[in-house]
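End of the sequence shown = 139 in this note's numbering, gap-free, step of one.
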Amino acid sequence: MQCPLSLGSYIWSREINAHAQKYLGAGLSEIYHAGTYSCRRQRGNGSGVWSEHAFANAWDVAAFELADGTLIRILSDWDGARARANFLREARDAACQIFRVTLSPDYNAAHADHFHLDMGPSKSCR
């Protein structure tokens, strides 16, 4: 993970910890992710543009574990119980303020189960 992404991840985790306490009554204990580095091109991009993952400049986050053991999964909770869905939307919105690109289930079906967060040159919050 590149340094700016690492710093953004630290700041974001502190932000979403407060949201977890507000909406779910317990602090954040762990973030489940699919990693940062993967030497590949963007999916579905025929132009051959490299993914930010190829530069260790992107992070895919799938779930959050709270201090009380509750597991909040993006796939099952994005449109689930109100408190969980609100927490995930607040987490996405907080990410939009920190990362240059934040893609969520609202972006497309490929992101139904995770947030894509990156510090690349483009800017997008969906």
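The beta carbon of each residue, even a glycine, is placed where N, CA and C say it ideally should be. Quick caveat, the model's predicted, so the values are computed rather than measured.
> What residues in its chain sit with their C-beta under 7 angstroms from that of Arg53, if we drop five residues either side in the sequence?
Replying inline: Ser64, His66, Ala67
> Going along the chain, which residues of its own chain have a beta-carbon closer than 6 angstroms to the beta-carbon of Cys138, five neighbours each way excluded?
Replying inline: Cys109, Thr115
> In or out: Leu20 buried (at least 16 other Cβ within 10 Å) or exposed?
Replying inline: exposed
> Looking at the unbroken beta strand (DSSP E) that takes in Tyr45, where does it start and where does it end?
Replying inline: 41-46
> Rounded to the nearest angstrom, how far is the Cβ of Ala39 from that of Asp90, given a contact under 8 angstroms?
Replying inline: Not really, about 15 angstroms apart at Cβ, beyond 8 angstroms.
> Considering only residues of the same chain and omitting the five flanking positions on each side of Val62, which have a CB-CB separation below 6 angstroms?
Replying inline: Gln55
>> I'd like the list of long-range same chain contacts for His32, defined as Cβ closer than 8 angstroms, with 5 residues on each side in sequence excluded.
In response: Phe100, Glu103, Ala104, Ala107
> Which residues in the same chain have their Cβ closer than 7 angstroms to the Cβ of Tyr50, if we skip the five residues on either side of it in sequence?
Replying inline: His66, Ala69
>> Considering only the alpha carbon of each residue, which of Arg113, Ala123, Ser117 lies closest to Gly133?
In response: Arg113
> Does DSSP put Arg105 in a helix, in a strand, or in coil?
Replying inline: helix
> Per DSSP, His129 is paired with what?
Replying inline: Asp73, Leu116
> Which of helix, strand or coil does DSSP assign to Ser137?
Replying inline: strand
> Excluding the five sequence neighbours on either side, which residues of its own chain have a C-beta within less than 7 angstroms of the C-beta of Ser60, listed in chain order?
Replying inline: none
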